[in-house]
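Colleague:
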Amino acid sequence: MVQLKPNAEVIAKRNLLRQHAQVFTPFEEITSRRAGRLVQIYRALFPDYLFVSFDPDVVRWRAVNSTLGVNRLIDFSHDRPAQVPSGLISSLMRRCDPSGKLLPPRFLRGGDLVRVTSGPLAEFIGTVEQLAPDQRVWVLLDMLGKNTRVAVKPADLRLAC
-1 MVQLKPNAEV IAKRNLLRQH AQVFTPFEEI TSRRAGRLVQ IYRALFPDYL
49 FVSFDPDVVR WRAVNSTLGV NRLIDFSHDR PAQVPSGLIS SLMRRCDPSG
99 KLLPPRFLRG GDLVRVTSGP LAEFIGTVEQ LAPDQRVWVL LDMLGKNTRV
149 AVKPADLRLA C
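Here the sequence shown stands for residues -1 to 159, numbered as in the working numbering.
Here you go:
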């Protein structure tokens, strides 16, 4: 995993790919308010960080560490970079499409705590009340101190941590 310099994600990705490293950047599409309007934006799940995989026989880790756009490789000692467990990365990749966009949860159950990611209710946290057969999820949102029942598309929900 590498930490990026500010606003250098595109530069770092391009230069790491030139060095034959594999790069993974998971992101999610959310609704945000800009100038009083709702717009769809892409937000990195781990801002200012990239997952990088490379063959140490082909690419030296010190070269990755000094790549343009990269601030530093994450390390716990100064003699080698830290390795993220491959199981963690593969499970994260399974939850994303090929471009790295986080997919909605496959299985929601009543009582799950969820965050709305799109529409006028974006960023509200609620509890799944019921799954309807017509591809809607009924969610209880706390609005002004009162639980309000709203129907939301499953694609607009993420499990809240």
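No residue lacks a Cβ here, since even glycine has one placed at the ideal position from N, Cα and C.
Could you tell me whether the Cβ atoms of L71 and N13 are closer together than 7 angstroms?
Modeller: Here residue 71 refers to the residue found at position 73 of the sequence shown. Here residue 13 refers to the residue found at position 15 of the sequence shown. Result no, Cβ atoms of L71 and N13 do not sit closer than 7 angstroms.
Colleague: Check this for me: beta carbons of T207 and A120, under 7 angstroms apart or not?
Modeller: What the structure shows of the chain is the stretch from -1 to 159, and residue 207 is not part of that stretch, so it cannot be assessed.
Colleague: Among R92, S84 and N63, which one has its Cα closest to the Cα of R78?
Modeller: Counting from one through the sequence shown, the residue named residue 78 turns up at place 80. Looking at the Cα atoms, N63 is the closest of the given residues.
Colleague: Output the boundary residues of the beta strand (DSSP E) element that contains G124.
Modeller: The count along the sequence shown starts at 1 and reaches residue 124 at position 126. Element bounds for G124: I123 to A130.
Colleague: Are there 16 or more other CB atoms within 10 angstroms of the CB of G124, so buried, or fewer, so exposed?
Modeller: The sequence position of residue 124 within the sequence shown is 126, counting from 1. Its Cβ being crowded by 16 or more others within 10 Å, G124 is buried.
Colleague: If I follow the unbroken alpha helix (DSSP H) through N69, where does it start and stop?
Modeller: Within the sequence shown, numbered from 1, the residue matching residue 69 stands at position 71. From DSSP, N69 is part of no alpha helix (DSSP H) but of the beta strand (DSSP E) over V68 to L71.
Colleague: For the putative contact between V21 and L48, defined by C-beta atoms under 8 angstroms, what is the C-beta separation to the nearest angstrom?
Modeller: Locating residue 21 in the sequence shown gives position 23, where the first residue counts as 1. Locating residue 48 in the sequence shown gives position 50, where the first residue counts as 1. Contact between V21 and L48 is confirmed by a C-beta separation of about 6 angstroms, below the 8 angstroms threshold.
Colleague: Here's the rule I'm using: 16 or more other beta-carbon atoms within 10 Å means buried, otherwise exposed. How should T115 be labelled?
Modeller: Taking the sequence shown and counting its residues from 1, one reaches residue 115 at position 117. It counts as buried.
Colleague: Nearest to L111 by alpha carbon, out of K99, E127, P96 and R104?
Modeller: Working through the sequence shown from its first residue, we reach residue 111 at position 113. Comparing Cα positions, the closest option is E127.
Colleague: Can you name, in chain order, every residue of its own chain whose Cβ lies under 8 angstroms from the Cβ of A33, other than the five neighbours on each side?
Modeller: As a working mapping, residue 33 is identified with position 35 in the sequence shown. Result list for A33: empty, nothing under 8 angstroms.
Colleague: Please report the Cβ distance between D46 and Q1, rounded to the nearest whole angstrom; I am assuming they are in contact, meaning their Cβ atoms lie under 8 angstroms.
Modeller: To locate residue 46, count along the sequence shown from 1; it is residue 48. To locate residue 1, count along the sequence shown from 1; it is residue 3. Confirmed, about 6 angstroms.
Colleague: DSSP on L15, reduced to helix/strand/coil?
Modeller: Here residue 15 is taken as the residue at index 17 of the sequence shown, counted from 1. In this structure, L15 counts as helix in the three-state DSSP scheme.
Colleague: Does the beta-carbon of T113 have 16 or more other beta-carbons within 10 angstroms, so that it is buried, or is it exposed?
Modeller: Within the sequence shown, residue 113 is the residue found at index 115, counting from 1. With the sequence shown as reference, residue 113 is identified as Arg, and Thr is not the correct amino acid for it. Buried, since its Cβ has 16 or more Cβ neighbours within 10 Å.
Colleague: Can you tell me whether L157 is buried or exposed, with buried defined as 16 or more other CB within 10 angstroms of its CB?
Modeller: By 1-based counting over the sequence shown, the position of residue 157 is 159. So L157 counts as exposed.
Colleague: Quick one: Cα of E26 to Cα of L100, how far?
Modeller: Position 28 of the sequence shown, counted from the first residue, corresponds to residue 26. Position 102 of the sequence shown, counted from the first residue, corresponds to residue 100. When the Cα atoms are used, E26 and L100 turn out to be separated by approximately 5 angstroms.
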